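If you want our numbering, it's the position in the sequence shown, counting the first as 1, plus 198.
For every residue, glycine included, the Cβ atom is placed at its ideal position computed from N, Cα and C.
Predicted, not measured: the structure shown is a model, and the values here were computed from it.
To start, the structure itself, in structure tokens.
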Amino acid sequence: MGASRYISSGLIEAYVSRLASPQEEQELEMAIDQYPEIAIAVEDCRLGMEHYIMLQSVTPPTVVKQNLIRIIADEEAGKLIGEATEETQIIEDTPAGKMYVSSSWRWAAAAAILLLLGSLLLNFIYFSRYSDYKVKYEALLTTNNTLASEQNVYRTRIEEMEHSLEIVKDPSMQMVKMPGTKSFPSLLATVYWNKASKEVFLMANNLPQPATGKQYQLWAIVNGKPVDMGVFDIGTDTAAILRKMKSVDNADMFAITLENKGGSPVPTMDQMYVAGKAS
């Protein structure tokens, strides 16, 4: 995978958000060592996320800080008059070995509470961003998997069509056209038969989609008797694709009938759709 593929795949965002699997992390770290532009993209993504989180941060309401300071100030003011007496009394009443602790810790507690509120808020924002990136990353993975599946389907179709073209162009292949019968005059199918190898390939040029529970069946007429050549289905994208059927020797003609799913030992003559003589 090239640098541009890594940058556009969404793996960098998953890596920075810690959503990538260990295998993906290892793969990207190897790519970072190999491609400087990927390292730059990772750092840009990291800075962008941090900047976005800071932009989305919300300062705790001023009243929270004011209330904390007011409470502490009121407590301190109430203790100023008897501070010396209280301290003396505390010292006298305190068991030996214990020390008097000043109430100034309350200021530190207030600061700690403010820091805690800010930390909780940042954690909430980061978690929200994390969840958002996770959803986007999973959606991107789904899209990539769908595109990969479609690409495989198209690649298979192209390979099948190329193979079909090679068979059609083979000079050892005899083409047998099977036009529609009187009941189905507009239909057409074609057999490509190699007499030497006995191989038979079928192209369903123009056959309608069969009803549920029905299948087409190809027949070869050999010495006046029908020989089963196999059943086949019709798809919306299979008209130009050759399908390999059973092999046959010394066929006089070929025909296609519509049978129950799985085929029939003998052809249903009133359901013969196309037929053609082998020259």
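query, result
"Any non-hydrogen atom of the ligand ATP closer than 6 Å to Val-464 Cβ", "This structure lacks the ligand ATP, and indeed carries no ligand of any kind."
"Residue closest to Ala-201, alpha-carbon to alpha-carbon, out of Tyr-213, Gly-208, Ala-229, Arg-216", "Ala-229"
"Backbone CA spacing between Asp-468 and Leu-385 [nearest angstrom]", "15 Å"
"Gly-422 - DSSP class collapsed to helix/strand/coil", "coil"
"CA-to-CA distance, Asp-330 to Gln-224, given in whole angstroms", "24 Å"
"DSSP state of Asn-488 mapped onto helix, strand, coil", "Look at the range of the chain in this structure, 199 to 477, and you will see that residue 488 is not part of it."
"Residue range of the alpha helix (DSSP H) that includes Pro-383", "Per DSSP, Pro-383 belongs to no alpha helix (DSSP H) and is neither H nor E."
"Spatially closest choice to Arg-373 from Leu-400, Asp-242, Gly-460, Gln-415, by CA coordinates", "Checking the sequence shown, residue 373 turns out to be Met, not Arg. Here the closest residue by C-alpha is Leu-400."
"When Asp-450, Tyr-414, Ile-439 are compared against Pro-463, the one with the closest alpha-carbon", "Tyr-414"
"Inter-residue Cα distance where the pair is Glu-360 and Gln-407", "24 Å"
"Backbone CA spacing between Gln-428 and Ser-395 [nearest angstrom]", "Looking at the sequence provided, one finds Gly at residue 428 rather than Gln. Distance between the alpha carbons of Gly-428 and Ser-395: 18 Å."
"Close Cβ partners of Met-376 (< 8 Å) along its chain, the five nearest in sequence each way excluded", "Leu-386, Ala-387, Thr-388, Val-389, Phe-452, Ala-453, Ile-454, Val-472, Ala-473, Gly-474"
"Cross-strand partners of Ala-374 (DSSP beta bridge)", "Position check: residue 374 holds Val in this sequence, whereas Ala was assumed. Answer by DSSP bridge pairing, in chain order: Val-389."
"First and last residue of the uninterrupted beta strand (DSSP E) at Val-472", "470-475"
"Chain-order list of residues whose beta-carbon lies under 8 Å from that of Gly-411 (same chain, five-residue window excluded)", "Asn-458, Lys-459"
"Span of the alpha helix (DSSP H), counted from its first residue to its last, around Leu-405", "That residue, Leu-405, is in no alpha helix (DSSP H); it is neither H nor E in DSSP."
"Cross-strand partners of Leu-400 (DSSP beta bridge)", "Val-389, Arg-441"
"Nearest to Met-371 (by Cα), restricted to the options Leu-245, Ala-476, Gly-208", "Ala-476"
"Whole-number beta carbon distance between Asn-448 and Val-425, since they are thought to touch under 8 Å", "Contact flag wrong, Cβ pair sits at about 10 Å."
"Residue range of the alpha helix (DSSP H) that includes Leu-226", "220-232"
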